[in-house]
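**Student:** Chains as they are written, first to last, in the numbering used here: chain A, 1 to 108; chain B, 1001 to 1108.
Number of protein chains: 2
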Amino acid sequence: MTAIAALNDTMLALADPTRRAILSRLAAGEARVTDLAAPFAISLNAVSKHIRILERAALVRRRRSGREHVLSLNPAPLDQAAAWIEQQRTFWNASLDALERALAEHKD
Amino acid sequence: MTAIAALNDTMLALADPTRRAILSRLAAGEARVTDLAAPFAISLNAVSKHIRILERAALVRRRRSGREHVLSLNPAPLDQAAAWIEQQRTFWNASLDALERALAEHKD
DNA sequence: CCAATATTCAACCTATTGGTTGAATATGAC
DNA sequence: GTCATATTCAACCAATAGGTTGAATATTGG
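So, in structure tokens, the structure goes:
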């Protein structure tokens, strides 16, 4: 998968509050599908689908232990997303700073 | 709009490569809809729709100047997105560090 | 073996994306 | 005033998201 497609998947995975909550929960440690689903008012199946989207983005990893599927975090894709955003912020700020200087020049 | 809904919109807006390219282009300065559409092989209408999604996330601002609509960047939502990701990374790393320490303890 | 548990698969529904084409609207240029 | 330009609106289409319910599958516990 290209880096671009990976970013697409990661950002999309982060665009849903249920999935963000699942990730937060997993920061406290591994959990089974049933555990992850417990806090939500939606069906277990819906949570299972969310997990698939998180897996597609490689944000979570699955380890089978008998009939239980144990999910854990994988931070790497988040690093990519953070890197993209940080780079943009750098550019944007440079751009805005330049704009400000131009305005200041104009004032003189 | 709640902070959660804002994050949803921002992440979703960033989940498409055409929209990310539009944002990068805008970092070089304001541009009209037609200017933004030029590099892409899709229709002007499609770009117009992408811009609407970027506006919904408040990542771009629109200023009308006669028949031209001039788009510019608004960095604030990106700051929110970066903050969420950074917080998660902090937690995750703490969690992974704790796991490592636990494994080291176990070894003794 | 049998029943309960953990999870996915399959089918379905509605809303949204991401794209198209064609028409409408508003403004600028001559 | 008329024609060209800039942009959106409207209708449509295919694919996907996010949810449901019901059935299938695999594994554990008694």
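In this text, a Cβ means the ideal position worked out from N, Cα and C, and glycines have one as well. No experiment lies behind these values; they were computed from the predicted model shown.
Mind checking who residue 1072 of chain B pairs with in its DSSP beta bridge?
**Tutor:** DSSP output for residue 1072 of chain B lists B:1061 as bridge partner(s).
**Student:** For residue 88 of chain A, count neighbouring Cβ atoms within 10 angstroms of its own Cβ and tell me buried if that reaches 16, exposed if not.
**Tutor:** Buried: at least 16 other Cβ atoms inside 10 Å.
**Student:** For residue 1004 of chain B, go through chain A and note every residue whose CB falls closer than 8 Å to its CB, in chain order.
**Tutor:** The contacting residues are 17.
**Student:** Can you tell me where the alpha helix (DSSP H) with residue 1142 of chain B in it begins and where it stops?
**Tutor:** The structure shown has nothing for residue 1142 of chain B, since chain B only spans 1001 to 1108.
**Student:** Using a Cβ-Cβ cut-off of 8 Å, state whether residue 116 of chain A counts as contacting chain B.
**Tutor:** Here chain A covers residues 1 to 108 and nothing more, so residue 116 of chain A does not appear.
**Student:** Since residue 1011 of chain B meets chain A, which of its residues come closer than 7 Å, beta carbon to beta carbon?
**Tutor:** The answer, in chain order, is 11, 14, 15.
**Student:** Tell me the DSSP secondary structure of residue 1082 of chain B in three-state form.
**Tutor:** Three-state result, residue 1082 of chain B: helix.
**Student:** Run down chain A in chain order and give the residues with a C-beta less than 8 Å from the C-beta of residue 1082 of chain B.
**Tutor:** Within 8 Å Cβ-Cβ: 82, 85, 86, 89.
**Student:** Taking buried to mean at least 16 other C-beta atoms within 10 Å of its own C-beta, is residue 79 of chain A buried or exposed?
**Tutor:** Per the 10 Å Cβ criterion, exposed.
**Student:** Could you tell me the alpha carbon to alpha carbon distance between residue 45 of chain A and residue 32 of chain A, rounded to whole angstroms?
**Tutor:** Going from the Cα of residue 45 of chain A to the Cα of residue 32 of chain A covers about 13 Å.
**Student:** For the region 1056-1079 of chain B, list every residue whose C-beta sits within 7 Å of some C-beta in chain A, in sequence order.
**Tutor:** Listed in sequence order: 1073, 1075, 1078.
**Student:** Would you call the region 1048-1061 of chain B in contact with the region 1005-1025 of chain B, where contact means no fewer than 3 C-beta pairs closer than 8 Å?
**Tutor:** The region 1048-1061 of chain B is in contact with the region 1005-1025 of chain B.
**Student:** Exposed or buried, residue 2 of chain A, counting other C-beta atoms within 10 Å across all chains shown (16 or more means buried)?
**Tutor:** Counting Cβ neighbours within 10 Å, residue 2 of chain A comes out exposed, since fewer than 16 surround it.
**Student:** Just curious, the alpha helix (DSSP H) that residue 1011 of chain B is in, first and last residue?
**Tutor:** Segment 1003-1014, the alpha helix (DSSP H) holding residue 1011 of chain B.
**Student:** Can you have a look at residue 1034 of chain B and say buried or exposed, based on whether 16 or more other CB atoms are within 10 angstroms of its CB?
**Tutor:** Counting Cβ neighbours within 10 Å, residue 1034 of chain B comes out exposed, since fewer than 16 surround it.
**Student:** When the Cα of residue 64 of chain A is compared with those of A:26, A:94, A:30, A:40, which residue comes out closest?
**Tutor:** Checking every option, the nearest Cα to that of residue 64 of chain A belongs to A:30.
**Student:** Are the C-beta of residue 1023 of chain B and some C-beta of chain A separated by less than 8 Å?
**Tutor:** With 8 Å as the cut-off, residue 1023 of chain B counts as an interface residue toward chain A.
**Student:** Looking at C-alpha atoms only, which residue of B:1028, B:1004, B:1006 is the closest neighbour of residue 1073 of chain B?
**Tutor:** Of B:1028, B:1004, B:1006, the residue nearest in Cα terms is B:1028.
**Student:** Quick one, which of B:1085, B:1026, B:1090, B:1040 has its alpha-carbon nearest residue 1008 of chain B's?
**Tutor:** Closest by alpha carbon: B:1085.
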